[in-house]
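*Asks:* Residue numbers (the working numbering): 15 to 1261. Virtual Cβ for every residue (Gly too), placed ideally from N, Cα, C.
Following this line, the structure appears as structure tokens:
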């Protein structure tokens, strides 16, 4: 429920008629609390919204606040606080001057919960050790429902995220107690989908305490994927071949002793191995490294932070044997941390174990003929410098190494087999039983079940029928405890006794497996390994899955060739099965086109592979059928590795256990001793139920049973089914002598019914009732009979739900539960599950459907959950440009030459008429100009100079547009001045210039005054060329002279004189005139301003007089006229009026404004404390006493016989006087008298 929205407005001083909204940074997050909590279960409470105003704005008087309450997107109430301010006005006082408070009375929502972080947007990285927390903070106290149960919140998690604590799939909200859950990223051995993932909190209890239409907000988590694979694998198998992390290449290393296989300092994870001799030669003493010897792994120790687990099949001689079973030891100082899982996949001598650590690493330990195979799957360190060991060998591969391997050898006694590592702080990783809370069970009314992180992180197609935890306890911490053996005396016959008693089977002779003393040729070894691995149906299918089958053949060939032992092939076969199972599971999990749908073709293929994945491929002694071994004749065990003729042997008892073998005498009294074994009276022959120990008949042989009672059926005869149900009804029949009983169907029963293993199986028809006739026969042929009736009942499940027998009631009792179709829930499947309750649509509106939902996405978002920002550029809308995607839209950056929304418009570059003298031709992002005759250049803006070719032979060329003309020299004519003139004519020379003829040539006299030229072509002389006008004056050429036109402010023939503008202008108030160019300025004295210094500056404008004083302006100065009682340049000093005034009688003077006052001590008053207050005025003395005034006090002068502060007490004169002889004292006024008894007198009755 979103409760409030706060908007605050500020009155703008510049626009007094228009309030403007200003930043919400000035208010804190609202706090919603309950004002009244009713004692009963009513659904109405009063809510208060409290908001702190920041940055001192709470003391402002020009802010209006509007608080609006919301629920489910609907407005409930709008309240305006500090409003009603007319435009241009202010509130009378600061508002709210503290905390802003709004009240929502009668709210029906009794639980309001905040989810932190408030952004509900977290970020995790796959395989990271970091923990993120989510806190639920009830703002209103949660209460129990009518059944006394607290509300429960369940968390549905995506597969990429896991809860750190398996107990938190469902948490209780109790009162106002905060609830915090911890999450971390999963670390699966496969592909991870990045992006936004939703954690959906959901209420799991129905109550009027919770509004059923309201849900907690979805928590969105961004999942990031590290570079490279999440999990990388390192293997060390057979003698041993090692595959380095992150590579497909392998290398060979053999050495004796303890070695670091892999070490990750960053994650505090390490695996060390111990290698024994595999060549049958003695293990060297003195710490020799065994270089050149054949070695195999016989031990592995795993360390994660402070937890250390040891697996070992090493014997005392450190020489390979096949008999020593694998042992598991917890070597840590403490029990294993929660969250560490140890699984035993294959039991027995050739066992297989898998260990998963909270940090994300998995180690597989497998026992084989040669010792142990070790497979490590681990997240990598962010800094590879923090890693080491043989798994980090950088290459080259496919070769034997020595020096690089022995660098990882540990000194004797320094490995974790012999000593424990130094404790480290465990704060880097949270230890607990983590789990995945997936949506698999949604709609069944309960919280999600916790799915094993072990299976989720490392999926495989290999069947896990034989998988079992090392111990069945809920927490691996119990692995540190040992169970004591229960050794008690008993004569009861055991299974072992029965087997010994049975006649011994004829055993086939056993032959020891021969070991070749010489190497097998490489060709033979390779052919054998290919037959067992790559040429099998499993090998061919696994190669398609992605297993490097040829590499397994190569390693197998090397082992067989080197050792001469063909059993080494089983190691490569084990690796084939394991790798094939893992890669097959990965392929099955790959979605189709990024959706959640599975690939049907991949599913069918992977299912085909899964059917061929059996433990050790049945050790070549059986056939793999549907993932399980069907052993050949004479072989047994889950992997067919054991001959049925093999004599049982005890090789070793784990954890130094005791083996008890006792022989004792028969202590059962009157008994039978048969074949050396003791049996009590009436005990049955273990091999024949019809014979007993009857000592009264025989004490040394079995006697035929004398009494045989028939079996007894249950009294129940009526049973119930629904139509179409396959009834599997256990037949409740027992024999009084506890013999096995065989029930059967008699004639008249339905022919399609059958009884197998005491269970009646029958598929119900539509008949209202069906009768069955039963017969029961015990082992000694005693019989009994019974009839039962099976009646048809109607299935009450709605919406096509299926009735299934209730698990808490016997079959046939008529009690059923409903197996609802997806999308429905309820006892009778009557409720359509609202899939929108989890708010799955990230950016859109959810529409509920049956077993699904649809999202009506907001503009710009697509995807099933509207969680993908649609790439509007995916359709390439920008035809001629680059597209930039935005939320709900896109924008095109057009290529040069194009415009428009989608860059489809070719810009017309000719639109601006760029061609000055020519025709424009438009192109893409450019144009060309077809120039008119006489023009050239890109824009045809260059006129061609036709004179460049010097066409005028005897004259001057004048360029024209697309033409030229020639001014010929004297004596020449023609278009190009190439024709000589022989006679003078009128136009032979310039006007008024004389023409002269000499022989066949003519010439012209000089040009007229002021002109220059050859007499024929004369032009004016420009005198401005050789004369300059100063101060930017302009020159005007004349005939034989020039003149200067001066700018304003200058004069003279050459404008060299600056006119003094101060001659005709005066500055006031003593200002000095400064001449300028055609202007002037006044430099004013201090205190004056203006163009002519005519204005006195108001010095009061920038100065303020304090305490109500008035400012008097002066010349470049100001004066403050202070009110009476103040002084100083700004009247800032309050005159101390106590300086000249004194308070008497110890009074204290307190200064005021132009006044003073005296604070008198108690007992005085007056302006100067000169008056002693008469304390007798308000106090009275009693019994005639007189009052005497003091200083802040008074006293009473009492008359005789009275005392006390006010003389209120009469003095008892009898106190100090005693009457004797039994006389009684009577008090008087300042006197006393004695009343004597008879016989006495005197003042004191003394006489």
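Have a look at residue 512 and residue 186 and give me their C-alpha separation to the nearest angstrom.
*Replies:* Confidence in residue 512 is poor, its pLDDT being 43 and thus under 50, which makes the residue's placement too unreliable to answer from.
*Asks:* Tell me, please, whether the segment 1062 to 1077 touches the segment 1019 to 1034 by the rule of three or more beta-carbon pairs shorter than 8 Å.
*Replies:* These segments do not touch.
*Asks:* Whole angstroms are fine: how far does the CA of residue 868 sit from the CA of residue 849?
*Replies:* Going by the C-alpha atoms only, they are around 9 Å apart.
*Asks:* Which residue marks the beginning of the alpha helix (DSSP H) containing residue 1337, and which one marks its end?
*Replies:* For the chain, the structure presents residues 15 to 1261; residue 1337 sits outside this window and is missing.
*Asks:* Does the Cβ-Cβ distance between residue 565 and residue 264 come in under 9 Å?
*Replies:* Yes; because the gap between Cβ atoms is below 9 Å, this pair is in contact.
*Asks:* Could I get the ranges of all uninterrupted alpha helix (DSSP H) runs contained in the segment 530 to 589, with 4 residues as the minimum, in chain order?
*Replies:* Within the segment 530 to 589, the complete alpha helix (DSSP H) runs of at least 4 residues are 536 to 546, 551 to 559, 563 to 577.
*Asks:* Mark residue 808 as exposed unless 16 or more other C-beta atoms lie within 10 angstroms of its C-beta, in which case mark it buried.
*Replies:* Result: exposed.
*Asks:* Let's see if you can read the secondary structure: which residues bound the alpha helix (DSSP H) around residue 418?
*Replies:* Start and end: 417 to 420.
*Asks:* Would you check if the segment 267 to 283 and the segment 311 to 330 touch, i.e. whether three or more CB-CB distances between them fall below 8 Å?
*Replies:* Judged by Cβ distances under 8 Å, the segment 311 to 330 makes contact with the segment 267 to 283, as three or more pairs qualify.
*Asks:* With DSSP collapsed to three states, give me the class of residue 406.
*Replies:* Reduced to three states, the DSSP call for residue 406 is helix.
*Asks:* Got a sec, what are the start and stop residues for the beta strand (DSSP E) residue 290 sits in?
*Replies:* Looking at the DSSP string, the run of the beta strand (DSSP E) that includes residue 290 is 283 to 291.
*Asks:* Measuring alpha carbon to alpha carbon, tell me which residue in 381, 1105, 260 is nearest residue 585.
*Replies:* Here the closest residue by C-alpha is 381.
*Asks:* Evaluate contact between the segment 61 to 74 and the segment 41 to 48, counting only Cβ atoms and requiring at least three cross-stretch pairs below 8 Å.
*Replies:* Taking 8 Å as the limit for Cβ pairs, the verdict is that the segment 41 to 48 does touch the segment 61 to 74.
*Asks:* What separation, rounded to the nearest whole angstrom, lies between the Cα atoms of residue 1237 and residue 1159?
*Replies:* Cα to Cα, residue 1237 sits roughly 58 Å from residue 1159.
*Asks:* I'd like the ranges of any beta strand (DSSP E) spanning at least 3 consecutive residues and lying wholly in the segment 1149 to 1216.
*Replies:* If we require 3 residues or more, the beta strand (DSSP E) runs fully inside the segment 1149 to 1216 come out as 1162 to 1165, 1170 to 1173, 1200 to 1203, 1208 to 1211.
*Asks:* Please classify residue 414 as buried or exposed, where buried requires at least 16 neighbouring CB atoms within 10 angstroms.
*Replies:* When all chains shown are included, residue 414 counts as exposed.
*Asks:* Taking DSSP as the reference, what is the three-state secondary structure of residue 757?
*Replies:* Residue 757: strand per DSSP, three-state reduction.
*Asks:* Would the C-beta of residue 429 count as close to the ligand NAD, meaning under 8 Å from any of its heavy atoms?
*Replies:* The ligand NAD is not part of the structure shown, which contains no ligands of any sort.
*Asks:* Pair every Cβ in the segment 759 to 769 with every Cβ in the segment 851 to 859, then say whether three or more of these pairs are closer than 8 Å.
*Replies:* Counting Cβ pairs under 8 Å, fewer than three are found: no touch.
*Asks:* Sorted by chain position, which residues of the same chain lie with C-beta nearer than 6 Å to residue 1141's C-beta, five sequence neighbours on each side aside?
*Replies:* Once the five neighbours on either side are set aside, the close Cβ partners of residue 1141 are 1147, 1149.
*Asks:* Can you tell me whether residue 572 is buried or exposed? The criterion is at least 16 other CB atoms within 10 Å of its CB, across all chains shown.
*Replies:* By the neighbour-count rule (16 or more Cβ atoms within 10 Å), residue 572 is buried.
*Asks:* With DSSP as the reference, label residue 91 as helix, strand or coil.
*Replies:* Reduced to three states, the DSSP call for residue 91 is strand.
*Asks:* Using C-beta distances below 6 Å, list every residue in its chain close to residue 530, excluding the 5 sequence neighbours before and after it, in chain order.
*Replies:* Residue placement at residue 530 cannot be trusted, given a pLDDT of 39 that sits under 50; what the coordinates show is reported in the next sentence. Answer for residue 530: 578, listed in chain order.
*Asks:* Around the C-beta of residue 823, are 16 or more other C-beta atoms found within 10 angstroms, so that it is buried, or is it exposed?
*Replies:* Looking at its Cβ environment, which holds fewer than 16 other Cβ atoms inside 10 Å, residue 823 is exposed.
*Asks:* For residue 582, which residues of its own chain have a beta-carbon under 6 Å away from its beta-carbon, when the five flanking residues on both sides are left out?
*Replies:* Result list for residue 582: 252, 573, 574, in chain order.
*Asks:* Just to check my reading of the structure: residue 898 and residue 907 have Cβ atoms closer than 8 Å, yes? What is that Cβ distance to the nearest angstrom?
*Replies:* The pair is a contact, with the Cβ atoms about 7 Å apart (cut-off 8 Å).
*Asks:* Give the secondary structure of residue 72 by DSSP, where H, G and I count as helix, E and B as strand, and everything else as coil.
*Replies:* Helix, per DSSP.
*Asks:* Rounded to the nearest angstrom, how far is the Cβ of residue 1028 from that of residue 983, given a contact under 8 Å?
*Replies:* Indeed they touch by this definition, with Cβ atoms about 6 Å apart.
*Asks:* Counting beta carbon pairs with one atom in the segment 112 to 120 and one in the segment 134 to 153, are three or more of them shorter than 8 Å?
*Replies:* As far as the Cβ criterion goes, the segment 134 to 153 does not touch the segment 112 to 120, which means the pair count is below three.
*Asks:* Output needed for residue 427: all residues of its chain with C-beta closer than 6 Å, excluding positions within five of it in sequence on either side, in chain order.
*Replies:* Counting only Cβ-Cβ distances below 6 Å, and skipping sequence neighbours, we find nothing.
*Asks:* Of the residues 161, 685, 543, which one's Cα is nearest the Cα of residue 634?
*Replies:* The shortest Cα separation from residue 634 among 161, 685, 543 belongs to 543.
*Asks:* When DSSP labels each residue in this structure, what does residue 1 get in the three-state scheme?
*Replies:* Outside the shown range of the chain (15 to 1261) lies residue 1, about which nothing can therefore be said.
*Asks:* Residues bridged to residue 156 by DSSP?
*Replies:* Note: residue 156 sits in a beta bridge opposite 189.
*Asks:* Take residue 292 as the anchor and find which of 792, 384, 556, 106 has the nearest alpha-carbon.
*Replies:* Comparing Cα-Cα distances from residue 292 to each of 792, 384, 556, 106, the minimum goes to 384.
*Asks:* Within a Cβ cutoff of 8 Å, which residues of the same chain sit near residue 40, ignoring the five residues on either side of it in sequence?
*Replies:* Excluding sequence neighbours, residue 40 sits near 22, 67, 68, 69, 71.
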